[in-house]
Amino acid sequence: MDAQYDYDVVIVGAGIGGICSAYRLQERCPQLTFCVLEGRHEVGGTWSLFQYPGIRSDSDLYTYSFPWKPWHGKSIASGAQILQYLKAAAREHGLDKHIKFHRQVDNMSWSTATSTWTVDATDTSASDTAAKTERLRCRFMLLSTGYYDYETPLQARIPGLADFEGPVVHPQFWPKGLDFQGKNVVVVGSGATAITLVPTLARRGAAHVTMLQRSPTYIASVPGESAVHSLTKLMLPRDLASRVIRWQWILFMLLFVRFCRLFPRLAWAVLLLRTRTELALHQSIEPDFTPRYEPFDQNLCLTPDSDFYEMLRKGRTSITTGHIDRVTPTRIKLQTGPALRPDIIVTATGLKVRFGGGIRIAVDDEPFAVSEHFVWKGCMLDSLPNCVAIIGYYDASWTLGTDISAKMACRLINRAMRGKKKTMVARTREGMKTVPIMYLNSTYVTSADSSHIPKAGDQPQWQPRKSYWHDTRSVWWGDISTDVEWS
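Structural data, given as structure tokens:
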């Protein structure tokens, strides 16, 4: 390491992306020094922050886990199990020794003159009123900050919500000790969080839980462990079985998503037929279970071992489809249909999308506006030198994408080191057209503030990610010269 740097690489964030990046750096760039700056008191990111009842994965854990630490449990796991897994992964591979906790990164500034990143991080563990700031210098930055705002959830635009007399709760900041025993709860929303919360609150003692949705979503039941996976575990050694199951999941999701894209109406019919078999005879599939969009225009929601449908069949939960007219001190008035009378309202209306964790970025003392720039190969913003964003997939397991980004970061850094290059920076082409970076129409995507999201382009190196298979080939053999300046 050059004496002008504190570290060769600084990683921001110790969630899934940060842990994966640290491992890949340790594995593929062993000559480099690095540290991980984490604003919280522990690793885990989302799984440390979110504490709402029943929090669990909405992807299978065999693809959500790291390929270098096989998962051995059920396909769908609780938040607590995932957090313990992440802590074990960091500890077993010595990654925890590189993590600086309670370090909230506020600013990062690039100097072309010295080819150096200067990072300012506030020490949030300081007990006195004067916060301490730590300044670090490095050659490369890896941003593993996730894709949403940790401090501010997506605000639900519900008329009169502030007038409600009972508790109004957002899952991102679930209050400790909230008493919902014997209470009528209305969960506003129909995404993965709502599908998790509704049956959990009913099982744990709520009198009744209503899911209030503007439009239906696809809800697919998955077994905690399929017969095929059980047989695989029986026939093969433990670690090998986990790796085989991982590839079974990857292949299945590839084929299933491709099927849904090629034959959307047939996929719609198949999914609705499965839903019909989950409902009681007196329950109609219209209007609560017939989405207006094609499969994978929004993410498919999973219900492990049909727990969501089980509570519906038992009458412990219900679904109401409609638009809110206004919330009064005691009721939720709908534009059509009878009013709801909740004791507690939960606004499971999504996350606030934000790239880069809200860090103020500057290049040669000029502010860097993320929304004005394009993403090269899903990981580098144009005109932002020596910086790689560790981004996961939006329509598959997040970890598959973060591992791709981390491997690409190592490949880029190693090329710079071998060629004795101080700087690598992506440069856009003239006339490139903007295309959506996320092909989803979920509320959290369509409501996202465009000032916090970079762009994708229509040229090959700048297009949105296509698939795990395509990106894996790109990591090993893809072109990393076109549209990149090395100096």
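Per the working numbering: the sequence shown = residues 23 to 509.
Backbone N, C-alpha and C fix where the C-beta goes; we use that ideal spot for every residue, glycine too.
Since we're looking at a predicted model, the values are computed, not measured.
Report the three-state DSSP secondary structure of residue i (helix, strand or coil).
| i | result |
| --- | --- |
| PRO326 | strand |
| PHE377 | helix |
| VAL31 | strand |
| ASP425 | helix |
| TYR170 | strand |
| ALA112 | helix |
| LYS442 | coil |
| HIS120 | helix |
| PHE186 | coil |
| PHE88 | coil |
| LEU288 | helix |
| PRO193 | helix |
| LEU234 | strand |
| PHE274 | helix |
| ARG314 | coil |
| CYS432 | helix |
| MET10 | The chain is shown only over 23 to 509; residue 10 falls outside these bounds and no answer can be derived. |
| VAL65 | coil |
| PRO175 | coil |
| ARG449 | coil |
| CYS57 | strand |
| ASP261 | helix |
| ALA478 | strand |
I need the boundaries of the alpha helix (DSSP H) containing residue i, first residue and last residue.
| i | result |
| --- | --- |
| ASP493 | 490–499 |
| GLU49 | 38–50 |
| ALA68 | Just to set this straight, residue 68 is Thr in the shown sequence, not Ala. THR68 -> alpha helix (DSSP H) spans 68–71. |
Between which two residues does the beta strand (DSSP E) containing residue i stretch?
| i | result |
| --- | --- |
| HIS251 | Premise fails: HIS251 lies in the alpha helix (DSSP H), 249–257, not in any beta strand (DSSP E). |
| ARG157 | 154–165 |
| ALA229 | Where ALA229 is concerned, there is no enclosing beta strand (DSSP E), given that its DSSP letter is neither H nor E. |
| MET130 | 125–133 |
| THR206 | At residue 206 the sequence reads Asn, which differs from the Thr that was named. First-last of the beta strand (DSSP E) with ASN206: 206–210. |
| SER243 | 241–244 |
| TRP139 | 138–145 |
| ASP347 | 346–349 |
| VAL368 | 366–369 |
| CYS409 | 409–411 |
| ALA384 | 382–385 |
Out of the options, state which residue places its alpha-carbon closest to the alpha-carbon of residue i.
| i | options | result |
| --- | --- | --- |
| LEU303 | LEU83, MET439, PHE72 and GLY337 | GLY337 |
| ILE341 | SER212, GLU156, ALA111 and ASP145 | SER212 |
| PRO75 | PRO221, ASP387, ARG335 and ILE426 | PRO221 |
| TRP398 | ILE426, GLY479, LYS374 and LYS444 | GLY479 |
| LEU108 | SER393, ILE41 and SER243 | ILE41 |
| GLY95 | ASN206, ASN321, HIS192 and SER248 | SER248 |
| VAL375 | VAL279, MET439, ILE475 and LYS429 | ILE475 |
| LEU83 | SER100, PRO309, GLN305 and THR155 | SER100 |
| ARG487 | MET460, GLY500 and SER509 | MET460 |
| ARG265 | GLN48, TYR86, VAL32 and ARG50 | TYR86 |
| GLU388 | MET130, ILE38, GLY67 and ILE121 | MET130 |
| GLY66 | THR55, ALA112, THR218 and ARG161 | ALA112 |
| ALA143 | SER243, SER166, LYS122 and THR136 | LYS122 |
| PHE396 | GLU173, THR456 and ALA418 | THR456 |
| CYS409 | VAL141, LEU200, GLN73 and HIS492 | VAL141 |
| GLU394 | ASP80, GLN357, LYS477 and ILE77 | LYS477 |
| TYR415 | ASP80, ASP145 and HIS115 | ASP80 |
Considering only residues of the same chain and omitting the five flanking positions on each side of residue i, which have a CB-CB separation below 6 Å?
| i | result |
| --- | --- |
| GLN194 | PRO175 |
| TRP132 | TRP139, VAL385 and PRO407 |
| GLY441 | none |
| PHE311 | PRO238 and THR297 |
| GLY204 | ALA229 |
| ALA36 | VAL58, GLU60, VAL65 and ILE121 |
| THR339 | VAL220, ALA224, VAL231 and MET333 |
If I measure Cβ to Cβ from residue i and keep anything under 7 Å in the same chain, skipping five residues before and after, which residues do I get?
| i | result |
| --- | --- |
| ALA289 | PHE281, CYS282 and PRO317 |
| THR371 | LEU176, ALA178, VAL210, GLY211 and THR465 |
| ALA216 | VAL209, MET233 and ALA370 |
| SER70 | ARG62, GLU64 and LEU105 |
| ALA428 | CYS42, SER43, ARG46 and ILE412 |
| CYS51 | CYS432, ILE435 and ASN436 |
Quick one: residues in its chain with C-beta nearer than 8 Å to the C-beta of residue i, no 5 flanking neighbours on either side, listed in chain order?
| i | result |
| --- | --- |
| ARG236 | SER212, THR343, GLY344 and HIS345 |
| PHE278 | none |
State whether the region 87–94 contacts the region 53–65, with contact taken as three or more CB pairs (one from each stretch) at a distance under 8 Å.
no
Between the region 222–231 and the region 247–258, do at least 3 Cβ pairs fall closer than 8 Å?
no
Cβ pair count under 8 Å reaching 3, the region 494–507 against the region 434–454
yes
Any contact of the region 324–332 with the region 182–201, i.e. 3+ C-beta pairs under 8 Å?
no
Given 8 Å as the limit, is there contact between the region 27–39 and the region 339–353, that is, 3 or more CB pairs closer than that?
no
Would the region 267–275 and the region 351–362 be scored as touching if the rule is three or more Cβ pairs under 8 Å?
no
Specify whether the region 379–393 and the region 112–132 touch according to this definition: at least 3 beta carbon pairs, one from each stretch, less than 8 Å apart.
Contact holds: three or more Cβ-Cβ distances are below 8 Å.
Give a yes or no on contact between the region 388–405 and the region 437–449, applying the rule of three or more CB pairs nearer than 8 Å.
yes
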